[in-house]
Amino acid sequence: MSQSFDEISAQLRKRHRQSARLKWMSLGALLLALAFLVVFFADMLGKGLPAFQQAQVQVEVDYSEQASQLPLAAVDEEVRDLVSRGWLRTLPMQMRDNPELLGTTRTEWVLADGQVDQYLKGHASRLRDDAKARVDRLVEEGRAELKFNTTFFSRGDSKMPELAGIMSAAMGTVMTMLVTLAVAFPIGVMTAVYLEEFAPDNRFTQMIEININNLAAIPSILFGLLGLAIFIQFFGMPRSSPLVGGMTLALMTLPIIIISTRTALRSVPDSIRHAAFGVGCSRWQVVRDHVLPLAMPGIMTGSIIGLAQAMGETAPLIIVGMVAFIPDVSATFTNAATVLPAQIFTWSGEPDRAFVEKTAGGILVLLSVLIFLNATAVVLRKKFERRW
Amino acid sequence: MNRILKTTVIAAAVMGVVGVAQARDQVRIVGSSTVYPFSSYVAEEFGATTDYPTPVIESTGSGGGARLFCNGVGEGTPDITNSSRRMKASELERCIENGVTDVTEAFIGYDGIAFAQSNANDPMPVTREQIFLAVAAMVPVDGELVENPYTNWSEIDESLPDRQIVIVGPPTTSGTRDAFEELVLEAASENFAEAYGGEAYSDVRTDGAWVDGGENDNLIVQRLTQDTTAFGIFGFSFLEENSDVLIGSTIDGVEAGPETIASGEYPVARSMFFYIKNQHADEVPAMYQYAEMFMSEQMIGDLGYLKGIGLIPAAEQARAEAREAVANRVQLDVSDLH
Chain L
1 MSQSFDEISA
11 QLRKRHRQSA
21 RLKWMSLGAL
31 LLALAFLVVF
41 FADMLGKGLP
51 AFQQAQVQVE
61 VDYSEQASQL
71 PLAAVDEEVR
81 DLVSRGWLRT
91 LPMQMRDNPE
101 LLGTTRTEWV
111 LADGQVDQYL
121 KGHASRLRDD
131 AKARVDRLVE
141 EGRAELKFNT
151 TFFSRGDSKM
161 PELAGIMSAA
171 MGTVMTMLVT
181 LAVAFPIGVM
191 TAVYLEEFAP
201 DNRFTQMIEI
211 NINNLAAIPS
221 ILFGLLGLAI
231 FIQFFGMPRS
241 SPLVGGMTLA
251 LMTLPIIIIS
261 TRTALRSVPD
271 SIRHAAFGVG
281 CSRWQVVRDH
291 VLPLAMPGIM
301 TGSIIGLAQA
311 MGETAPLIIV
321 GMVAFIPDVS
331 ATFTNAATVL
341 PAQIFTWSGE
351 PDRAFVEKTA
361 GGILVLLSVL
371 IFLNATAVVL
381 RKKFERRW
Chain P
1 MNRILKTTVI
11 AAAVMGVVGV
21 AQARDQVRIV
31 GSSTVYPFSS
41 YVAEEFGATT
51 DYPTPVIEST
61 GSGGGARLFC
71 NGVGEGTPDI
81 TNSSRRMKAS
91 ELERCIENGV
101 TDVTEAFIGY
111 DGIAFAQSNA
121 NDPMPVTREQ
131 IFLAVAAMVP
141 VDGELVENPY
151 TNWSEIDESL
161 PDRQIVIVGP
171 PTTSGTRDAF
181 EELVLEAASE
191 NFAEAYGGEA
201 YSDVRTDGAW
211 VDGGENDNLI
221 VQRLTQDTTA
231 FGIFGFSFLE
241 ENSDVLIGST
251 IDGVEAGPET
261 IASGEYPVAR
271 SMFFYIKNQH
281 ADEVPAMYQY
291 AEMFMSEQMI
301 GDLGYLKGIG
311 LIPAAEQARA
321 EAREAVANRV
331 QLDVSDLH
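Line by line, the protein sequences are chains L and P. The first sequence begins at 1 in full-length UniProt numbering and counts up by one. The second sequence begins at 1 in full-length UniProt numbering and counts up by one.
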């Protein structure tokens, strides 16, 4: 009580110092996080952007009888080792399917070999010196250049870096996510509606609630084991398929959707329910016509975030066989398919250095999709959110 | 709960119908991550040059592959498993128990394991014994087993440089690690048979000198370029691909290279195989076409494509015999594996 003015002002100074220190420390933490992010993005962009370009060479393609047997004969000796072997080997089948090609000669831009591509991008390349000299000459004549890499977006995985693309993985991701959404969204929302609007508050429902919260924190690989045991081994669904992968990821997404839906339902004020009951609505009508529509933005946001998380997941998919070499674009939900993060994982293990840029390019694509999804969630929330 | 159950049951029923109706012209392959690059190269070629879809290849490790492969015969089980070692007798016995009685072995060639460092250093020739003394958990000193006291290479042998021992290698789940333990550690421990009571010893020290590098060999390579004191242990193809930043050590005086590995001179090399489930011949007709493409000179020969990505071709005679075995679908017997 009997503190002097000096003592009090000393204390005050101390408290001010403390709060200033806290402010600087929090700012430091933020800056550090930002710095990590900037370094990560700069690294990814620096490594990944070259993946969107691809060397091409202009060659005379001679669709001769001989070339239909021995594809190497279709191009001049000068460029034979500079064009992609992956393109050359498709010639015989192309000629078989399009007989009118036979006997013609056309000038075409074709894919260059991966090593030529690396050389033109200034990376380490295993090309021999005489081949490098030939590439330099072609560049001077305007017959070899880096063009926008359409292959990267139109084809699936390949062992040849110049042919490797993300198409099959992207399609796999879309199909897997469709399954995940189709399974997790209705079940998740219904569960939440029951727990929030219908269920009595007793030991049993409390236990369910605790379990759901627990499930949200379980390591994702366990869901993979569950998926393997139930969907593949018990129900005999086809391994590696988007169906199994999607259902496995749905198990993982369910708790997130349930929890966010319950939060959204709870934020709808009781006065709305009471008013609806007051005019004689049944419980089902109250939920369907009033509570659910009002909670929808929150439910959508939670579902999109859950989906975005599932989209970046690889661990459970290793167990159900979706991390594999699958170059073909899957046509149905039961064919083998892979997903974007799995494709990135596969590429990161390739010995060929040209795959470093593919890996980073894949990461850039995945990041763009995730940023888009999360931004959609934010926009939805901002646009439709109501404060009571 | 009722709803979940219903949905699952319906989905399963639909899938069951689709699954049966689906003719399986897509070959399914599992197994070793070491064989995976070669196997997927052939698979891609197969998909691009025939009317069959590209076979699906999962990289599960040799042991994991054998387990899936031996689960039984039929739709859901793989047709082929890759292996970076010979199938174990116990694995084949389990196969036979589960009805997988008719298996053909295909030998495709060799793979070497490199002991390498950043090329910022001078080359450092080593012997297997020196690697053993650097890596083992317990080593004999003056005839007694003690915890590994060596922290510098020069303490092991005066001819080696005064440099801290740091070795980045594959984790225990890797087939490369199995091979390293068998071909380097166990082999070298026989030189100290007295100290270890005549038993092969392959425990790796855990005091930080050995670092588990993860399954991804690229991570080990990256680590070596940053930490120039460290040595790495990984597949030979990764050394070849990164020859502008890494140099390999000679082991027991032999340099790792295609010739020395194929001839068996280089001591740390292993054979690679794949195994075909002959009982799937009728359901999966593409299986043998894939296998035959794999065994062709165009792939595993001296001038084959797989050589370009790191396979070390076997001698011509051995290739011909292996090709013959696949063509005749020679049935593998447990007694072959002992």
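Every residue gets a Cβ at the ideal spot worked out from N, C-alpha and C, and that includes glycine. All values derive from a computational prediction rather than experimental measurement.
| Asked | Found |
| --- | --- |
| Terminal residues of the continuous alpha helix (DSSP H) containing L:Pro316? | 315 to 319 |
| Assuming L:Pro293 contacts L:Arg381 (C-beta within less than 8 Å), just tell me the rounded distance between them. | Their Cβ separation, rounded to whole angstroms, is 16 Å, which puts L:Pro293 and L:Arg381 out of contact at 8 Å. |
| Quick one: Cα of P:Gly74 to Cα of P:His280, how far? | 7 Å |
| Determine the contact status of L:Ala276 and L:His290, defining contact as a CB-CB distance below 8 Å. | yes |
| Can you tell me whether L:Lys358 is helix, strand or coil according to DSSP? | helix |
| Between P:Ser40 and chain L, is the shortest Cβ-Cβ distance under 8 Å, so that the two count as touching? | yes |
| Would a C-beta distance cut-off of 8 Å place L:Ser168 and L:Glu313 closer than the cut-off? | no |
| What is the rounded straight-line gap between the Cα of L:Ile256 and the Cα of L:Gly306? | 6 Å |
| Do P:Gln117 and P:Leu246 have their CB atoms nearer than 8 Å? | yes |
| With distances taken Cα to Cα, identify the nearest neighbour of L:Gly165 among L:Val365, L:Val179, L:Gly188, L:Leu228. | L:Val365 |
| L:Met207 by DSSP, collapsed to three states: which one? | helix |
| Measuring only the C-alpha atoms, how far is L:Met95 from L:Ser68? | 7 Å |
| Does the beta carbon of P:Thr54 come closer than 8 Å to any beta carbon on chain L? | yes |
| Looking at chain P, is there any beta carbon in it that lies within less than 8 Å of the beta carbon of L:Met171? | no |
| Return the residue from the list P:Val334, P:Glu316, P:His338, P:Ser335 that minimises the CA-CA distance to P:Phe107. | P:Glu316 |
| Going straight from the alpha carbon of residue 471 of chain L to that of L:Lys358, what length do you get? | One cannot answer for residue 471 of chain L here, as it falls past the ends of chain L, which runs 1 to 388. |
| Just the chain L side, please: which residues come within less than 7 Å of P:Gln298 by C-beta, in chain order? | The contacting residues do not exist; P:Gln298 stays about 11 Å from chain L at best. |
| Between which two residues does the alpha helix (DSSP H) harbouring P:Glu129 extend? | 128 to 135 |
| In this structure, how does DSSP classify P:Asn82 when only helix, strand and coil are distinguished? | strand |
| Straight-line CA distance for L:Val323 to L:Ile344? | 10 Å |
| Under 9 Å, CB to CB, which of the residues in the segment 82 to 102 of chain L have a partner in chain P? | Arg85, Gly86, Arg89, Thr90, Pro92, Met93 |
| Hey, does L:Gly46 have any beta-carbon neighbour from chain P nearer than 8 Å? | no |
| Could you tell me which residues DSSP pairs with L:Trp109 in its beta bridges? | L:Gln58 |
| Would you list, in chain order, the members of the segment 156 to 181 of chain L that have their beta-carbon closer than 7 Å to a beta-carbon of chain P? | Ser158, Lys159 |
| If you measure between the beta carbons of P:Val126 and P:Tyr290, is that distance less than 8 Å? | no |
| Going by C-alpha to C-alpha distance, which of P:Asn71, P:Ala114, P:Met87, P:Arg85 sits closest to P:Val100? | P:Asn71 |
| Taking 8 Å as the cut-off, does the segment 166 to 185 of chain P touch the segment 205 to 223 of chain P (at least 3 CB pairs, one atom from each stretch)? | yes |
| Roughly how many whole angstroms lie between the Cα atoms of L:Thr90 and P:Ile300? | 21 Å |
| Where in the segment 96 to 182 of chain L do unbroken runs of the alpha helix (DSSP H), each at least 4 residues long, occur, reported from the N-terminal end onward? | 114 to 120, 129 to 140, 151 to 154 |
| Going by CA-CA distance only, name the one from L:Leu181, L:Asn214, L:Gln285, L:Ala295 that's closest to L:Leu265. | L:Ala295 |
| When you compare the CB of L:Pro341 with every CB in chain P, is at least one pair closer than 8 Å? | no |
| When the Cα atoms are used, what is the spatial distance from P:Arg94 to L:Gln118? | 47 Å |
| Determine the burial state of P:Asn152: buried for a count of at least 16 other Cβ atoms within 10 Å of its Cβ, exposed for fewer. | exposed |
| Does the CB of L:Ala10 have a neighbour CB from chain P at under 8 Å? | no |
| Roughly how many angstroms separate the alpha carbons of P:Ile113 and P:Phe236, rounded to a whole number? | 5 Å |
| Can you name the residues of chain L whose CB is closer than 7 Å to the CB of P:Glu44? | Ser158, Lys159, Pro327 |
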